[in-house]
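Everything below concerns the one structure shown next.
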Amino acid sequence: MASVRRVPESKISRFIVEETMKDWMDIVESDVVIVGAGPSGMTAAYYLAKAGLKTVVFERRLGFGGGIGGGAMQFHRLVIEEPADEVLSEFGVRLKKVDEGVYVVDAAEFMAKLASKAIDAGAKIILGVTVDDVIFREDPPRVAGVAVEWTATQMSGLHVDPLFISAKAVVDATGHDAEVISVAARKLPELNISVPGEKSAYSEVAEQLVVDNTGPVAPGLYAAGMAVCEVKSLPRMGPIFGAMVLSGKRVAELIIHDLRKS
Ligand code: 48F
Numbered sequence: 031m032a033s034v035r036r037v038p039e040s041k042i043s044r045f046i047v048e049e050t051m052k053d054w055m056d057i058v059e060s061d062v063v064i065v066g067a068g069p070s071g072m073t074a075a076y077y078l079a080k081a082g083l084k085t086v087v088f089e090r091r092l093g094f095g096g097g098i099g100g101g102a103m104q105f106h107r108l109v110i111e112e113p114a115d116e117v118l119s120e121f122g123v124r125l126k127k128v129d130e131g132v133y134v135v136d137a138a139e140f141m142a143k144l145a146s147k148a149i150d151a152g153a154k155i156i157l158g159v160t161v162d163d164v165i166f167r168e169d170p171p172r173v174a175g176v177a178v179e180w181t182a183t184q185m186s187g188l189h190v191d192p193l194f195i196s197a198k199a200v201v202d203a204t205g206h207d208a209e210v211i212s213v214a215a216r217k218l219p220e221l222n223i224s225v226p227g228e229k230s231a232y233s234e235v236a237e238q239l240v241v242d243n244t245g246p247v248a249p250g251l252y253a254a255g256m257a258v259c260e261v262k263s264l265p266r267m268g269p270i271f272g273a274m275v276l277s278g279k280r281v282a283e284l285i286i287h288d289l290r291k292s
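Here it is in structure tokens:
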């Protein structure tokens, strides 16, 4: 067996710092910022990056997948219904048909392949970073970026100012809390955003409603995934995930259309 190459500690550090800084220099001026690496956020990232838009996903945790990994009460199988099976097939996720137009997938495979596809398409997924504010410009009125902070720093309670990231579009894919839109609603009352909260479960209708209501809540600020239920007061749906990927795909299509117009 060939001997293992010897790499001095200082070089390890230099390579990491240099390459990280190069990435951040690129990220600070993005086309699209997606907040949350759950199913809706990563699906959106895939389609946006595939369309040639510079797309970054900020994820608070040190792993991607959002609610996928927890499955249903931590059971590792999730339900997908048509036409989302076509999107999952595009990601290479294996589907087991259990009923007409209904499939189950493996949770770990689903999140791994989704992330892999988004990254291969050119999206950057940055882990351990929390978005804690939105940037707004008044003329014309629109959201223009976000403020980011290390999650670990946020958790420490230390007083540290964030960095700013500019973007032409920001997607709230933060799930049940709709965190970014909630911040915008609180800090920018002139945007007239309200966050009434989601309703009790009604899976049969919620899936279609989420997809239909995916879209902008203010110029440049979009809701995808469960954040849509929070903002539009829609019922939740639990461990059926078709609408999450379809919502991610739809928000990407809307943003691609809107940015081509402007
Ligand atoms: O919750 P999550 O999976 O969002 P989603 O794409 O999918 C919802 C489903 O998982 C499930 C469901 C389906 O029927 O009900 O719940 O709407 O992923 C949201 C991700 O956003 C991260 C969070 O850690 C999670 O991985 N996140 C939340 N707030 C922030 C954030 C923030 N302020 N900054 C960065 N990441």
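Residue numbers for the sequence shown follow the working numbering, so the first one is 31 and each next one is one higher. Every residue, glycine too, gets a C-beta built ideally from N, C-alpha and C.
Check your understanding: Does the distance from the CB of residue 87 to the CB of residue 57 come in under 8 Å?
Key -> Working through the sequence shown from its first residue, we reach residue 87 at position 57. Working through the sequence shown from its first residue, we reach residue 57 at position 27. In this structure, residue 57 does not lie closer than 8 Å to residue 87 by Cβ.
Review point. Residues in its own chain within less than 6 Å of residue 184 by CB, not counting five upstream and five downstream?
Key: Here residue 184 is taken as the residue at index 154 of the sequence shown, counted from 1. Spatial neighbours of residue 184 in its own chain (CB-CB distance under 6 Å, excluding positions within 5 residues in sequence) are listed in chain order as 160.
Review point. What is the rounded straight-line gap between the Cα of residue 102 and the Cα of residue 43?
Key: Residue numbering aside, residue 102 sits at position 72 when the sequence shown is read from its first letter. Residue numbering aside, residue 43 sits at position 13 when the sequence shown is read from its first letter. When only Cα atoms are considered, residue 102 and residue 43 end up about 41 Å apart.
Review point. Considering only residues of the same chain and omitting the five flanking positions on each side of residue 121, which have a CB-CB separation below 6 Å?
Key: Residue mapping note: residue 121 aligns to position 91 of the sequence shown, counting from 1. Only 143, 144, 147 meet the Cβ criterion.
**Study point:** Outcome for residue 204 when other beta-carbon atoms lying within 10 angstroms are tallied against a minimum of 16
**Key:** Within the sequence shown, numbered from 1, the residue matching residue 204 stands at position 174. Burial call: buried.
**Study point:** Element boundaries [beta strand (DSSP E), containing residue 223]
**Key:** Here residue 223 refers to the residue found at position 193 when the sequence shown is read from its first residue. Per DSSP, residue 223 belongs to no beta strand (DSSP E) and is neither H nor E.
Point to revise | residue 171 versus 78, 65, 249, residue with shortest Cα-Cα distance | key: Sequence index remark: in the sequence shown, residue 171 carries index 141 (1-based). Of 78, 65, 249, the residue nearest in Cα terms is 249.
Review point. Hey, would you say the C-beta of residue 204 is under 7 Å away from at least one heavy atom of the ligand 48F?
Key: Indexing the sequence shown from 1 puts residue 204 at position 174. Residue 204 Cβ: within cutoff of the ligand 48F.
Point to revise | 8 Å contact criterion, which residue 112 and residue 95 should meet: CB distance rounded | key: For the purposes of this step, residue 112 is identified with residue 82 of the sequence shown, where counting begins at 1. For the purposes of this step, residue 95 is identified with residue 65 of the sequence shown, where counting begins at 1. Rounded, the Cβ-Cβ distance is 23 Å, inconsistent with contact.
Exercise for review: Within the same chain, show all residues whose beta-carbon is closer than 6 Å to that of residue 273, passing over the 5 residues directly before and after it, in chain order.
Suggested key: As a first step, residue 273 is located in the sequence shown; it is residue number 243 there, counting from the start. Here the set comprises 237, 240, 241.
Practice item. Over the uninterrupted beta strand (DSSP E) stretch that includes residue 61, give me the two end residues. Key: Stepping through the sequence shown from its first residue, residue 61 is reached at position 31. Segment: none, residue 61 is in no beta strand (DSSP E) and carries neither H nor E.
**Study point:** For residue 108, the first and last residue of its enclosing beta strand (DSSP E)
**Key:** As a position in the sequence shown, residue 108 is number 78, starting the count at 1. First-last of the beta strand (DSSP E) with residue 108: 107-111.
Check your understanding: What is the DSSP secondary structure of residue 157, reduced to helix, strand or coil?
Key -> Residue mapping note: residue 157 aligns to position 127 of the sequence shown, counting from 1. If DSSP states are grouped into helix, strand and coil, residue 157 belongs with the strands.
Review point. Where does residue 129 sit, in a helix, a strand or coil, going by DSSP?
Key: Start at 1 with the first residue of the sequence shown, and residue 129 comes out as number 99. In the structure shown, residue 129 sits in a strand (DSSP, three-state: E or B).
Review point. If you drop the 5 nearest sequence neighbours on each side, which residues of the same chain put their C-beta closer than 6 Å to that of residue 276?
Key: For the purposes of this step, residue 276 is identified with residue 246 of the sequence shown, where counting begins at 1. The beta carbon of residue 276 is closer than 6 Å to those of 114, 241 in its chain, skipping five residues each way along the sequence.
Review point. What's the call for residue 194, buried or exposed, on a 16-neighbour Cβ count within 10 Å?
Key: To locate residue 194, count along the sequence shown from 1; it is residue 164. So residue 194 ends up on the exposed side.
Check your understanding: For the ligand 48F, is there a heavy atom less than 7 Å away from the beta-carbon of residue 70?
Key -> Here residue 70 is taken as the residue at index 40 of the sequence shown, counted from 1. Within the cutoff, so yes.
Practice item. Would you mind listing the alpha helix (DSSP H) stretches within the stretch 167-217 that are 4+ residues and don't spill past its ends, in chain order? Key: Within the stretch 167-217, the complete alpha helix (DSSP H) runs of at least 4 residues are 181-186, 209-217.
Check your understanding: Would you call the stretch 225-234 and the stretch 259-271 in contact, with 3 or more CB pairs under 8 Å?
Key -> yes
Practice item. With a threshold of 16 other CB atoms inside 10 Å of the CB of residue 190, please say whether the residue is buried or exposed. Key: Residue 190 sits at position 160 when you count from the first residue of the sequence shown. By the neighbour-count definition (other C-beta atoms within 10 Å, threshold 16), residue 190 is an exposed residue.
Point to revise | CB of residue 69 within 8 Å of CB of residue 268, strictly | key: As a first step, residue 69 must be located in the sequence shown, where it is residue number 39. As a first step, residue 268 must be located in the sequence shown, where it is residue number 238. Here residue 69 is not near residue 268, since their CB atoms are 8 Å or more apart.
Practice item. Tell me, please, whether the CB atom of residue 144 is closer than 8 Å to any CB atom in chain B? Key: The chain inventory of the structure shown lacks chain B, comprising one protein chain alone.
Review point. Would the beta-carbon of residue 266 be found less than 7 Å away from any heavy atom of the ligand 48F?
Key: Looking up residue 266 in the sequence shown gives position 236. Correct: residue 266 has its Cβ closer than 7 Å to the ligand 48F.
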